[in-house]
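**Student:** Position 107 of the sequence shown, counted from 1, bears residue number 536 in this note's numbering, the numbering being contiguous throughout.
For each residue, glycine too, the CB sits at the ideal point set by N, CA and C.
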Amino acid sequence: MAIKYPVYSPHFVGKEKEYVNDCLDSTWISSKGRYIALFEDAFSQFVGVKHAASVSNGTVALHVALIALGIGPGDEVLVPTFTYIASVNSIAYTGATPVFVDSEPEFWQIDVADARRKISAKTKAIMPVHLYGQACDMVAIMELAREHNLLVVEDCAEAIGSMVEGAHVGTFGDISTFSFFGNKTITTGEGGMVVTNNDEYAEMVNRLKGQGLAANREYWHDLVGFNYRMTNICAAIGYAQLEGIGQILAKKKEIAVWYKEELVNLALNVHAEREGSVHSYWMVSILLRDKNLRDPMRRFLRENGVETRPLFHLSHEMEMYKEDISYPVAEDLSTRGMNLPSYPDLGRQDVANICALIRKFMLVEANK
Numbered sequence: 430m431a432i433k434y435p436v437y438s439p440h441f442v443g444k445e446k447e448y449v450n451d452c453l454d455s456t457w458i459s460s461k462g463r464y465i466a467l468f469e470d471a472f473s474q475f476v477g478v479k480h481a482a483s484v485s486n487g488t489v490a491l492h493v494a495l496i497a498l499g500i501g502p503g504d505e506v507l508v509p510t511f512t513y514i515a516s517v518n519s520i521a522y523t524g525a526t527p528v529f530v531d532s533e534p535e536f537w538q539i540d541v542a543d544a545r546r547k548i549s550a551k552t553k554a555i556m557p558v559h560l561y562g563q564a565c566d567m568v569a570i571m572e573l574a575r576e577h578n579l580l581v582v583e584d585c586a587e588a589i590g591s592m593v594e595g596a597h598v599g600t601f602g603d604i605s606t607f608s609f610f611g612n613k614t615i616t617t618g619e620g621g622m623v624v625t626n627n628d629e630y631a632e633m634v635n636r637l638k639g640q641g642l643a644a645n646r647e648y649w650h651d652l653v654g655f656n657y658r659m660t661n662i663c664a665a666i667g668y669a670q671l672e673g674i675g676q677i678l679a680k681k682k683e684i685a686v687w688y689k690e691e692l693v694n695l696a697l698n699v700h701a702e703r704e705g706s707v708h709s710y711w712m713v714s715i716l717l718r719d720k721n722l723r724d725p726m727r728r729f730l731r732e733n734g735v736e737t738r739p740l741f742h743l744s745h746e747m748e749m750y751k752e753d754i755s756y757p758v759a760e761d762l763s764t765r766g767m768n769l770p771s772y773p774d775l776g777r778q779d780v781a782n783i784c785a786l787i788r789k790f791m792l793v794e795a796n797k
């Protein structure tokens, strides 16, 4: 059966075409043009940080953020094994070593107690990853970082709109990154952002993303940089998207409420929201109590036009990072969870239809 309900679909809020056409009419289509600064300034104000530097995607955002902090060979960076692989790859790009950390069972974020156990003399930084829109325990993470003199790189790729104690994620660490891939809360097609309150880090990121260009000499490069710049067209889309961010976040919160109402009294749990935080529900995710039902349910839903995604496979199980160490909570989460359709254009009846299929599957399995 054709897919009726994809996991995600971009939501365009109004002026994307107008701003893109403005780029085309002006001929400013590459990495220069007025929408770069407009998007960066608007995003820094939305998050509540001093500096925002646009880049070509979320992975390179992490790469230049780590390089700007001076992370390199001989350093260790704490990172959850339960994350999208880009978090870990970005550490490897620098020559540093990713050190894997287990997850919290209730909120699925990096386990601060396990992170503490993994600190060594080589540990230079910790990378909390705000998964699926739920925020990490940034209060505890910052306390740990201060205690052990660690740099903090927040991976906020999935957490636009997520808050901790009234502050947006990305404002706690030394430097933080966001993604604007097509399935993110706001999109530029491909794109990312690096944010920080540190002037020196911001200057370094801007130099690194533009081939290491010297500040005061035209076409002179005095460090090894990268071509990681965002295009004016992508920034134009992002600027338009940001104009509608309040509407998008409100709708996604409403969709999460609908799912919770429709899935009540089933043998599964919807991703919990930590007290004192705001879950932005980039993805509405569920955890089945019986892991053996996860893949059959996904097949059943797909046969009935509903696309889902499994929760992330664990990084320490990938061939290039393979370890024999056990991460029991992360392993459990990874095998029992899935993401449900979460795009803003879903209506109340759409969610009811999806959940009716889930309920039907669960009922059949219970009666076997």
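Between residue 459 and residue 660, which are expected to be in contact by the criterion C-beta below 8 Å, what is the C-beta distance as a whole number of angstroms?
**Tutor:** 6 Å
**Student:** Which stretch, first to last residue, makes up the alpha helix (DSSP H) that contains residue 612?
**Tutor:** No alpha helix (DSSP H) contains residue 612, which DSSP labels as neither H nor E.
**Student:** Could you check how far apart the C-beta atoms of residue 638 and residue 484 are, in whole angstroms? I think they sit under 8 Å.
**Tutor:** 5 Å
**Student:** Between which two residues does the alpha helix (DSSP H) containing residue 791 stretch?
**Tutor:** 777-795
**Student:** State the DSSP-derived secondary structure class of residue 756, mapped to helix, strand or coil.
**Tutor:** coil
**Student:** With H, G and I counted as helix, E and B as strand and the rest as coil, what does DSSP make of residue 481?
**Tutor:** strand
**Student:** State yes or no: is the C-beta of residue 573 within less than 9 Å of the C-beta of residue 528?
**Tutor:** no
**Student:** Could you check the C-alpha separation between residue 681 and residue 741 for me, to the nearest Å?
**Tutor:** 21 Å
**Student:** Which of the three DSSP states is assigned to residue 468 in this structure?
**Tutor:** Reduced to three states, the DSSP call for residue 468 is helix.
**Student:** Using alpha carbons as the reference points, say which of 728, 464, 590, 746 lies closest to residue 679.
**Tutor:** 590
**Student:** Thinking C-beta only, is residue 535 closer than 9 Å to residue 701?
**Tutor:** With respect to the 9 Å criterion, residue 701 and residue 535 are classified as neighbours on the basis of their beta carbons.
**Student:** Excluding the five sequence neighbours on either side, which residues of its own chain have a C-beta within less than 8 Å of the C-beta of residue 616, listed in chain order?
**Tutor:** 439, 609, 610, 666, 667, 670
**Student:** Looking at the structure shown, is residue 562 part of a helix, part of a strand, or coil, going by DSSP?
**Tutor:** helix
**Student:** Please report the residue range of the beta strand (DSSP E) in which residue 529 lies.
**Tutor:** Residues 526-530.
**Student:** Going by DSSP, what residue range makes up the beta strand (DSSP E) through residue 766?
**Tutor:** Boundaries of the beta strand (DSSP E) harbouring residue 766: 766-769, taken from the DSSP string.
**Student:** Please classify residue 732 as buried or exposed, where buried requires at least 16 neighbouring CB atoms within 10 angstroms.
**Tutor:** exposed
**Student:** Assign residue 639 to one of three DSSP states: helix, strand, or coil.
**Tutor:** strand
**Student:** Do you know whose CA, among 431, 662, 725, lies nearest residue 791's CA?
**Tutor:** 725
**Student:** Checking 9 Å against the spacing of the C-beta atoms, do residue 498 and residue 606 come in under that value?
**Tutor:** In this structure, residue 606 does not lie closer than 9 Å to residue 498 by Cβ.
**Student:** With 16 other CB atoms within 10 Å as the buried threshold, where does residue 768 fall?
**Tutor:** buried
**Student:** Give every residue of the same chain whose Cβ lies closer than 7 Å to the Cβ of residue 500, excluding the five residues on either side of it in the sequence, and list them in chain order.
**Tutor:** 506, 523, 525, 553, 554
**Student:** Taking only three categories from DSSP, how would you classify residue 513?
**Tutor:** coil
**Student:** Using 9 Å as the threshold, is the C-beta distance between residue 614 and residue 687 below it?
**Tutor:** no
**Student:** First and last residue of the alpha helix (DSSP H) that includes residue 802?
**Tutor:** Beyond the ends of the chain as shown, which are 430 and 797, falls residue 802; an answer cannot be given.
**Student:** Could you name the residues that DSSP lists as bridge partners for residue 697?
**Tutor:** 717
**Student:** Beta-carbon separation of residue 453 and residue 662 under 9 Å?
**Tutor:** yes
**Student:** From what residue to what residue does the alpha helix (DSSP H) around residue 540 run?
**Tutor:** Going by DSSP, residue 540 is part of no alpha helix (DSSP H) at all; its letter is neither H nor E.
**Student:** In the DSSP assignment, find the alpha helix (DSSP H) that holds residue 681 and state where it starts and stops.
**Tutor:** 674-691
**Student:** With respect to the alpha helix (DSSP H) encompassing residue 495, which residues constitute its N-terminal and C-terminal limits?
**Tutor:** 487-497
**Student:** Look up residue 656 in the DSSP assignment and give the residues it is bridged to.
**Tutor:** 639
**Student:** For a test of the three-state rule: what should DSSP assign to residue 630, helix, strand or coil?
**Tutor:** Three-state DSSP puts residue 630 in a helix.
**Student:** Entirely within the stretch 553-604 and at least 4 residues each: give me those alpha helix (DSSP H) ranges in chain order.
**Tutor:** 567-577
**Student:** Go through its chain and collect everything with a Cβ distance to residue 618's Cβ below 7 Å, but skip five positions before and after it.
**Tutor:** Around residue 618, the same chain offers 611, 663, 666 as residues with beta carbons nearer than 7 Å, after the five sequence neighbours per side are excluded.
**Student:** First and last residue of the beta strand (DSSP E) that includes residue 400?
**Tutor:** Here the chain covers residues 430 to 797 and nothing more, so residue 400 does not appear.
**Student:** Report the option in 565, 683, 575, 696 whose CA atom is closest to the CA atom of residue 780.
**Tutor:** With distances taken between Cα atoms, residue 780 lies closest to 683.
**Student:** Which two residues bound the contiguous alpha helix (DSSP H) that contains residue 729?
**Tutor:** 723-732
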